[in-house]
Each structure stands twice: as structure tokens, then as C-alpha cells.
Amino acid sequence: MTTLQTMTRGAVLATVLGLFATGAGAQGVALEPVGEIPGPAELVRIQGGHAYVSGGHTFTIWDVSDPANPVARGSHTFPQEIWGFRLTEDRAYVGANFFGLGILDISDPDAPVLLGQHKTLGQTKIGDIASGKVGIIDHMEGFVLIDVTDETAPAGIGSFFLDGYARDVVTAGTIAYATDSPSGLYVFDLSRSGMPEPIGVIHAPAAPRDIEVSVGTDARPTLIVGAGGGDLQVYDVSDPAAPGKLSSFETPGRATRVSLDGDYAFVADTDAGVQVVDLSDPANPVSAGSFETPRPARDVSAAGSLVLAVVGDSEREGHDRWVMVLQRR
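Position 161 (the sequence shown) corresponds to 163 in the numbering used here; numbering is contiguous.
Have a look at this one:
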């Protein structure tokens, strides 16, 4: 930990130990910093008792069962920069630029293993799985569908070109959602055979760059929540063939990335730190508070009592960024 980080963390502890409820009727969520994961760091996700961090070419697993003392476990270094990744149980699906999609076995956190790779025509940003297929985002091809029945030899199925600049993809059940700037949100049914074709589209010039999906009690996807288009955006996807925008919420900073946990959206809001938005009424989001980070908040991941936030300057490959470990109280 650098001297600067120690000083700023002390200031945070002394002055902003929590979040303050500002929306009428919203139940406030309080956070306090309890630990740190050193950089480089660009993206973070939490699953179980582990944090998964990418910085530059390297994917690293951290044990955060003791949030005050994160412990580095295993790592894997790709030949190209990691643009994004998603986790499903004991697999990580990594978009590693011109290397393509990398499928990592993370069942042993001390020794993640690359199982397979699929190279696309352009730069692979991120991938997610449903129905034995991985949908990935590629700058040249748009939405690309890959058969991963044999993880050691992923095979391309086909692609659907998105009209603008493909940004992100997330899956729930058999449905994949892809976002594109400036054309909007596309919905694909991965249970169908053959070339991917959208079953639903909503055109939005300010479509979000980062999306997450909320699943209802019946395991059906209900909401897509997105950030990166300037504000927080909420879409109703309960009918995949007819997605519709429900609401938007203007944060004090610039909403960059979002993580969902229960009725709350945790937003990496750059200079405004971490914002918490209550989505219990998704048509009317309200602020549930904010946490001031010592540097701009770049990414966030929340699960249970923990919220992880990548903070730091905008230097490429995350060399001047680290992860704050925050605990809900």
C-alpha cells in the first residue's frame, strides 16, 4: 500500500464512513472501508468468498473471506489485454482483445487453467454463457455465438452485426442481452439453433455501455440495468420480445459501471464515488446513499455484505488503480 493510499484511506475513515439515505422512503445502506487489494486493477467481480480482478493482461483470484486481509491466490496471464470477463460457477469467460475468448477453469482458486480459446475477427471484449453457448462482443462482428459443448475446442456458430459499437453482453436462463452504442439493446434466445437473430430490440441513442440483469423469484429475467451512457438506465425485459425502457436515474457523477444485489444497484460513479440506488420500484429509482472514494470509482461489484470498488486514475491497464473492500453495516 502506498503512503498516498494510507493517507487517503485514513481521511475516508475519518470523514465518510458510510452512505446516507437521500431518497424519500429509501432505506439507507451504510458502507465502511475494511481492506484493500493492491493493483493493477481495472475490473472486479465477487463470487462466493473470492474476488476476481483483472489488470492489464492478468486475471487474479483473491480470497476475501476475511475482508480486512485479502489473500492472493492464483492468477493467469493472457497474451493480450483483458477487456472484460464474466463468471459462472467454476468458469470465467474472458474477453482478451485480439486473443479472443478465453475459458478459464477457476474451480481451484490457486491454479486457474485455460481450457480453451476462440479467436474472433476483431477485438473480443467480453463473453457470457447460456444453454452451452457463449455469446461474446466483438468490435468487428458484433454479437458472436460460440458452441462450448467441448470447452477445449470452442466452435463458432455465427454472428449478428450490431449497428454501432458493441459494448457488453450478459445472459440469464437461455436469453442473452447485448448493448450497442448508439443503436440500443438487443435480445437473443440462445435456445434457438442456427445463426443468432435478435428476438427483441429497443433503440436507444444513449444506450448503456455496461449492463447487468436482474432475475425474479421464478428465475425469469425481469430487468436490465445499465450504466455508461451518462446516467443509470432501467429496462423491463420480462417479455424478451418486447423490451422497454422503464426509467433512468441521474447520478451526481458519471455512471460508469453497475452491480446488482437484491433491490439495490451499486454504481461506480467516477468522481462521485460509489452511489447506491434503490430499485425496489424500478419505475421510480431513488438514491439510497453514496460513498466518497479517495480517487474516481471505475468499477464495482456487490454481493451480500461486501462491495468491491476499483478506484484510481485513468491510466491504461490499471497500474494506478486498486480495489477498496467495503463492508455493508
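Every residue, glycine too, gets a C-beta built ideally from N, C-alpha and C. Predicted model only: the values in this text are computed from it and were never measured.
Reference Met-197, options Gly-160, His-141, Ser-240 and Lys-121, closest by Cα: Gly-160
CB contact flag (Leu-147, Phe-87, <9 angstroms): no
Residue from Gly-134, Gly-186, Gly-175 and Pro-114 with nearest C-alpha to Gly-144: Gly-186
Applying the 10 Å Cβ sphere with the 16-neighbour rule, what's the burial state of Gly-50? exposed
Stretch-stretch touch, CB-based, cutoff 8 angstroms, three pairs: the stretch 87 to 98 with the stretch 66 to 76: no
At the level of alpha carbons, what is the spacing between Thr-126 and Ala-221? 29 angstroms
Please classify Gly-218 as buried or exposed, where buried requires at least 16 neighbouring CB atoms within 10 angstroms. exposed
Reduced DSSP category for Pro-200 - H, G, I as helix; E, B as strand; rest coil: strand
Based on Cα-Cα distance, which residue from Ser-307, Arg-297, Val-309 and Leu-310 lies nearest to Ser-316? Arg-297
In whole angstroms, what is the alpha-carbon distance linking Thr-24 and Glu-34? Bear in mind that a pLDDT of 39 at Thr-24, under 50, signals an unreliable position, so the number given afterwards is only what the model happens to contain. Computed Cα separation, rounded: 18 angstroms.
Name the two residues that bound the continuous beta strand (DSSP E) containing Pro-184. Looking at the DSSP string, Pro-184 is not in any beta strand (DSSP E), and its letter there is neither H nor E.
On the premise that Leu-225 lies in contact with Pro-284, defined as a C-beta separation below 8 angstroms, what is that separation, rounded to the nearest angstrom? 6 angstroms
Rank Ser-193, Pro-200, Thr-181 and Ala-299 by C-alpha distance to the C-alpha of Ala-208 and give the top, closest one. Thr-181
Which of helix, strand or coil does DSSP assign to Gly-76? strand
Select from Ala-290, Arg-211 and Gln-329 the residue whose C-alpha is nearest the C-alpha of Arg-256. Arg-211
Can you give me the C-alpha to C-alpha distance between Phe-61 and His-321, rounded to a whole angstrom? 14 angstroms
According to DSSP, is Lys-121 helix, strand or coil? coil
Ordered along the chain, which non-local residues of its own chain (more than five positions away) have a Cβ less than 7 angstroms from that of Gln-82? His-59, Ala-98, Asn-99, Phe-100 and Phe-101
Contact under 9 angstroms by Cβ, Gly-134 with Thr-151: yes
For Arg-47, is the classification buried or exposed, using 16 other Cβ atoms within 10 angstroms of its Cβ as the cut-off for buried? buried
Reduced DSSP secondary structure (H/G/I, E/B, other) of Asn-99: strand
Below 8 angstroms, is the gap between the Cβ of Ser-185 and the nearest heavy atom of the ligand GTP? The ligand GTP is not part of this structure, which contains no ligands at all.
Where Leu-36 and Thr-173 are concerned, what is the direct C-alpha to C-alpha distance, given to the nearest angstrom? Correcting the residue identity first, residue 36 is Val in this sequence and not Leu. Their backbone Cα atoms lie some 32 angstroms apart in a straight line.
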